[in-house]
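Written below as structure tokens is the structure these notes are about.
Numbering (the numbering used here), first residue to last: 185 to 607.
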């Protein structure tokens, strides 16, 4: 029987502003857990955390032109699972008076951060307390960024990093066939772009650096019990320390549902026999590329005036057919939140899920904007969205995804339409 899928738009809000002088503000807040907590992901990890290796942070960028605003926050956490996205956003929106489309709050997907949970029946009391406090901290850092608004110049640059690899490794199965496992498949082309936004004040002083890179922050695995920002968080710390902590460097995970670090799921920060811990090595490489890319951005690339436009939609995409044991769930579609923002010729696409890297590349390629930054784990947690060709192959991402084959194409077309509307 042939089935036809239709995707719908719901909960749509669009805010449009005219061109004007661009103002920007940054803020950062420590969000490290003060108590032992259950750590995110990895079902085999049942023990509570045993300390903080490096501090977790939330980093906020606020932009404003002609009285219209957008706030983009990076959060050193796994993501907005356990229905924590909307309660957290509501706290921020209430405190800042932002419109829903004017807030992009994205996790960097480190697997070495506290599990977020608000339901006492589903989580440890320390995690519930942490999650509630996190909402307030994010509201505070957003307000501080807005309070720090001042004339700013913005410019875009692109670097490249080798630290990621396609993780869908082909391995022999027990019946003599092959299967897809989580490992390293280095010969498959991937998106290696390190996208950097450089912000300077009118006097030429550096105000901040925003960067986006598509890789899982999973250099540390289930045996690690130390809290850490992993690849993205450590890279942001590197950049900020390089500039003597005088700037804030919000960091984001691009489309990396099938991309892992070159060295993955390690048990600890190994320093034996002068060994450089792999999370430190890879994050330093990424951080250095951010700094080097920013240094190559010239004064003529700076933009001082911009039009800011934003939109948010919940897309209803085709859902994968459920097995009989799941028959109680009768939905025919799978929702995913998409938030787009345009600042001059630069567009941000925030998606509440884990996109395969090819989807991010397609979004960037079809975008009507000169520069398009894809941010995942943003304003929601819809899980994996593989590309259609991955479904016959199987593998963890396909098995756990709620989306049917072909949802990727519909997402790309929907995002293109949203960006075209902003253009």
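Where is the CB? At the ideal position from N, CA and C, for every residue including glycine.
Can you grab the Cα-Cα spacing for the pair residue i / residue j, in whole Å?
i           : j           : result
residue 229 : residue 568 : 21 Å
residue 289 : residue 361 : 43 Å
residue 261 : residue 336 : 29 Å
residue 485 : residue 340 : 8 Å
residue 275 : residue 493 : 23 Å
residue 418 : residue 312 : 25 Å
residue 584 : residue 565 : 13 Å
residue 435 : residue 457 : 31 Å
residue 376 : residue 399 : 9 Å
residue 476 : residue 393 : 12 Å
residue 246 : residue 554 : 21 Å
residue 460 : residue 406 : 20 Å
residue 216 : residue 465 : 22 Å
residue 281 : residue 590 : 37 Å
residue 300 : residue 402 : 17 Å
residue 404 : residue 251 : 43 Å
residue 530 : residue 309 : 42 Å
residue 302 : residue 316 : 7 Å
residue 208 : residue 576 : 46 Å
residue 540 : residue 594 : 14 Å
residue 580 : residue 588 : 14 Å
residue 373 : residue 346 : 11 Å
residue 548 : residue 597 : 12 Å
residue 586 : residue 433 : 33 Å
residue 504 : residue 498 : 18 Å
residue 147 : residue 368 : Any question about residue 147 goes unanswered here, given that the chain covers just 185 to 607.
residue 284 : residue 277 : 7 Å
residue 238 : residue 314 : 17 Å
residue 607 : residue 469 : 35 Å
residue 382 : residue 535 : 23 Å
On the criterion of 16 or more Cβ atoms from any shown chain inside 10 Å, does residue i qualify as buried, or is it exposed?
i           : result
residue 321 : buried
residue 306 : exposed
residue 602 : buried
residue 408 : buried
residue 500 : buried
residue 344 : exposed
residue 214 : exposed
residue 342 : exposed
residue 516 : exposed
residue 391 : buried
residue 235 : exposed
residue 190 : Bear in mind that a pLDDT of 35 at residue 190, under 50, signals an unreliable position, so the number given afterwards is only what the model happens to contain. With fewer than 16 Cβ atoms within 10 Å of its Cβ, residue 190 is classed as exposed.
residue 331 : exposed
residue 200 : Summary for residue 200: the model assigns pLDDT 41, below 50, so the residue's position carries little reliability; its value from the coordinates is reported in the next sentence. By the 10 Å Cβ count, residue 200 comes out exposed.
residue 219 : exposed
residue 490 : buried
residue 334 : exposed
residue 506 : exposed
residue 212 : buried
residue 448 : buried
residue 488 : exposed
residue 273 : buried
residue 482 : exposed
Would you say residue i and residue j are within 9 Å of each other, going by their C-beta atoms?
i           : j           : result
residue 352 : residue 371 : no
residue 224 : residue 296 : yes
residue 243 : residue 210 : yes
residue 521 : residue 563 : yes
residue 292 : residue 414 : yes
residue 527 : residue 599 : no
residue 241 : residue 420 : yes
residue 205 : residue 249 : yes
residue 127 : residue 411 : Any answer about residue 127 is impossible in this case: the structure gives the chain only from 185 up to 607.
residue 380 : residue 478 : yes
residue 423 : residue 474 : yes
residue 298 : residue 222 : yes
residue 329 : residue 255 : yes
residue 592 : residue 495 : no
residue 578 : residue 560 : no
residue 396 : residue 558 : yes
residue 416 : residue 556 : no
residue 338 : residue 582 : no
Is residue i close to chain B? Criterion is C-beta to C-beta, closer than 9 Å.
i           : result
residue 342 : No chain B is present in this structure, which holds just one protein chain.
Tell me whether residue i, by its Cβ, gets closer than 8 Å to a heavy atom of the ligand COA.
i           : result
residue 580 : Ligands in the displayed structure: none, and consequently the ligand COA is not present.
Can at least three beta-carbon pairs, one atom from the region 380-390 and one from the region 344-357, be found at a separation below 8 Å? no
Report yes or no: do three or more beta-carbon pairs, one from the region 251-270 and one from the region 448-457, lie closer than 8 Å? The region 251-270, when compared against the region 448-457, does not touch it at the 8 Å Cβ threshold.
Does the count of Cβ pairs from the region 425-441 and the region 540-551 closer than 8 Å reach three? yes
Three Cβ pairs or more, each shorter than 8 Å: is that satisfied between the region 422-429 and the region 321-333? no
Return the chain-ordered ranges of every beta strand (DSSP E) run that is complete within the region 485-569 and spans a minimum of 3 residues. Fully enclosed beta strand (DSSP E) runs of 3 or longer: 492-502, 517-527, 530-535 and 555-560.
Taking only runs of the alpha helix (DSSP H) that begin and end inside the region 308-371, which ones reach a length of at least 4 residues, in chain order? 309-331
Within the region 243-288, note down every full alpha helix (DSSP H) run reaching 4 residues or more, in order along the chain. 269-280
Which runs of the beta strand (DSSP E) fall wholly inside the region 373-442 and span at least 3 residues, in chain order? Taken in chain order, the complete beta strand (DSSP E) segments of 3 or more residues contained in the region 373-442 are 377-385, 390-397 and 435-437.
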